[in-house]
Amino acid sequence: MRNIRHHPKPETLAEYAAGRLDEARSVVVSTHLTLCKECSRSVVDFEALGGACLETVEPEAMQAGSLAAFWERAGDQDILVSPSMHGFEAANDFSLSAAQPLGAYLDVDVDRIKWRAVAPGVSQHVLDAEGYRDGVLRLLKIAPGVQLPMHTHKREELTLIIRGAYRDAIGEFRPGDLADLDDDIEHAPTAFGDEDCICLIATSAPLVFKDLIGKIVQPFVGL
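For what it's worth, this note's numbering labels the leading residue of the sequence shown as 405, then goes sequentially.
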């Protein structure tokens, strides 16, 4: 596995370890963890820190029926667990088969995905995962040489590179790299190299395009 240069912010990893991320962002972070030993160790440390803090809290008896009420409320929801709970170790080589958190949301191999074109050279595939408020989890495919319109974000966006590469004002992103962005970042990613750039993206709100064309087409492309 190549050296990963871009990682989630420490506060994002801490929220993940505490189980406070929504499903969409959890999928992106947990997929990154299967590829990044550095971040997986950080999550283990955050979990240990949380456990140590809990040990300092005076225990209280649960009210009668509390556990039953919890499971009734949870219903059939999938419980998101961190890789460390399963004796996790990061993979040495990148592959979708190794990135199980993402693979669980795909019923076909990435090469057989039914993409929906949203602009020349840009396609997306929306995944069935609940995001924060009006957030979405999607795969985005960008053809080599294609640049996305300049935009920023209303809230957080997590972008994990699955295949190919792109560059923007922050730097170059390759497989395994994760961009942890917010409304302070304005960029226009450009795919480069010999193959399509495929990204796993969790947005917490629609993008905020800066040019007129982007603003006009946004309602139709769903970005």
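Virtual Cβ for every residue (Gly too), placed ideally from N, Cα, C.
Look at the Cβ atom of residue i, then the Cβ atom of residue j, and state whether they are nearer than 8 Å.
{"i": "aspartate 426", "j": "glycine 507", "result": "no"}
{"i": "alanine 606", "j": "valine 447", "result": "no"}
{"i": "threonine 563", "j": "leucine 541", "result": "no"}
{"i": "glutamine 551", "j": "alanine 592", "result": "yes"}
{"i": "isoleucine 394", "j": "phenylalanine 577", "result": "This structure cannot settle anything about residue 394, because the visible part of the chain is limited to 405 through 627."}
{"i": "aspartate 600", "j": "alanine 547", "result": "yes"}
{"i": "glycine 568", "j": "glycine 597", "result": "yes"}
With DSSP as the reference, identify every bridge partner of residue i, one or two as the case may be.
{"i": "leucine 531", "result": "Leu541"}
{"i": "threonine 563", "result": "Ala583, Ile605"}
{"i": "tyrosine 570", "result": "Phe577, Ala595"}
{"i": "arginine 520", "result": "Gln528"}
{"i": "isoleucine 546", "result": "Val526, Cys601"}
Just the Cα atoms here: how many angstroms apart are residue i and residue j?
{"i": "isoleucine 517", "j": "proline 579", "result": "18 Å"}
{"i": "leucine 543", "j": "glutamate 560", "result": "17 Å"}
{"i": "leucine 417", "j": "arginine 520", "result": "31 Å"}
{"i": "lysine 545", "j": "glutamine 504", "result": "20 Å"}
{"i": "tyrosine 509", "j": "valine 530", "result": "10 Å"}
{"i": "aspartate 513", "j": "lysine 413", "result": "30 Å"}
{"i": "threonine 438", "j": "arginine 445", "result": "11 Å"}
{"i": "histidine 555", "j": "isoleucine 589", "result": "8 Å"}
{"i": "glycine 423", "j": "alanine 573", "result": "31 Å"}
{"i": "glutamate 419", "j": "glycine 525", "result": "35 Å"}
{"i": "aspartate 511", "j": "serine 434", "result": "18 Å"}
{"i": "histidine 411", "j": "lysine 441", "result": "11 Å"}
{"i": "arginine 571", "j": "aspartate 449", "result": "31 Å"}
{"i": "alanine 595", "j": "leucine 453", "result": "39 Å"}
{"i": "isoleucine 628", "j": "isoleucine 602", "result": "Given that the chain is displayed from residue 405 to residue 627, the structure contains no residue 628 and the question cannot be resolved."}
{"i": "glutamate 415", "j": "glycine 549", "result": "33 Å"}
{"i": "glutamine 401", "j": "leucine 604", "result": "Since the first residue of the chain shown is 405 and the last is 627, residue 401 is not available in this structure."}
{"i": "histidine 436", "j": "cysteine 443", "result": "8 Å"}
{"i": "proline 553", "j": "serine 608", "result": "19 Å"}
For residue i and residue j, which I take to be in contact (beta-carbon distance under 8 Å), what is that distance rounded to the nearest angstrom?
{"i": "glutamate 451", "j": "alanine 421", "result": "5 Å"}
{"i": "leucine 558", "j": "aspartate 584", "result": "Checking the displayed sequence, the identity of residue 558 turns out to be lysine instead of leucine. Actually they do not touch by this definition, with Cβ atoms about 15 Å apart."}
- Message: Threshold first: 4 residues or longer. Then list the alpha helix (DSSP H) segments lying entirely within the segment 407–464, N to C.
- Response: You should have 414–421, 427–437, 441–459.
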